[in-house]
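Colleague: For the sequence shown, this note's numbering puts the final residue at 152, and the numbers step up evenly by one.
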Amino acid sequence: MANVEPIAPTIDFEVLLTPIAGDNPAGEPMQYSGLYDEIREARRADDTSVSYGAWQTELKVADFRKVVELATTALSTQTKDLQIAVWLTEALTGQYGFAGFRDGLQLIRRLEEDFWDTLYPEIDEGDMEARANAIDWMNTQKGLTLSLKKFR
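#1: Could you tell me how far apart the beta carbons of A74 and D81 are, in whole angstroms, since I believe they sit closer than 8 Å?
#2: Does the separation of the CB atoms of Q78 and I20 fall below 8 Å?
#3: Once DSSP output is grouped into helix, strand and coil, what is the label at T57?
#4: What's the gap between the Cα of G8 and the Cα of Q95?
#5: Step through the CB atoms of chain B and report whether any lies within less than 8 Å of the CB of M138.
#6: For A45 and Y120, which I take to be in contact (beta-carbon distance under 8 Å), what is that distance rounded to the nearest angstrom?
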């Protein structure tokens, strides 16, 4: 059997998992912030399977490099947010394939282990639907699956 070199991490876990300074180690909620909107816009891509007919324009593609930059900044300096971590996982997968997917899943797991009580989105009166939706979102993303297939 051939020796296989381990693939280096695609992100700095220590930086991303350091508690945010202040009273709450998970920082502040970012859902209604400009940075959250910037990340959402950077990851947006037009659907290439749709015919736009007379309204055909250049299709927008996701800027995964920018998503990684913005999400890394948010998670290391402002918040511990599961949705942002999921978007980071999508971007890492788009950039690095299986290694990015591996690291994104590991980050999500560690955020849940280390920050469960304060992680965003918050648990609302015992209801974890918002957190479950963030994770479930990965299962419904055609682009995430296609990114993994591209690296086979």
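Note that beta-carbon positions come from the ideal geometry of N, C-alpha and C, so glycine has one too.
Modeller: Taking the definition as stated:
#1: Locating residue 74 in the sequence shown gives position 74, counting from the first residue. Locating residue 81 in the sequence shown gives position 81, counting from the first residue. The Cβ separation is near 7 Å, so the contact holds.
#2: Working through the sequence shown from its first residue, we reach residue 78 at position 78. Working through the sequence shown from its first residue, we reach residue 20 at position 20. It is a contact, given that the beta carbons lie within the stated cut-off.
#3: Mapped onto the sequence shown, residue 57 falls at position 57. Here DSSP, grouped into helix, strand and coil, assigns T57 to coil.
#4: The count along the sequence shown starts at 1 and reaches residue 8 at position 8. The count along the sequence shown starts at 1 and reaches residue 95 at position 95. The question names Gly, yet the displayed sequence has Ala at residue 8. Distance between the alpha carbons of A8 and Q95 is about 14 Å.
#5: Protein chain content of the structure displayed is limited to a single chain, and chain B is not contained in it.
#6: Within the sequence shown, the letter at position 45 stands for residue 45. Within the sequence shown, the letter at position 120 stands for residue 120. Actually they do not touch by this definition, with Cβ atoms about 25 Å apart.
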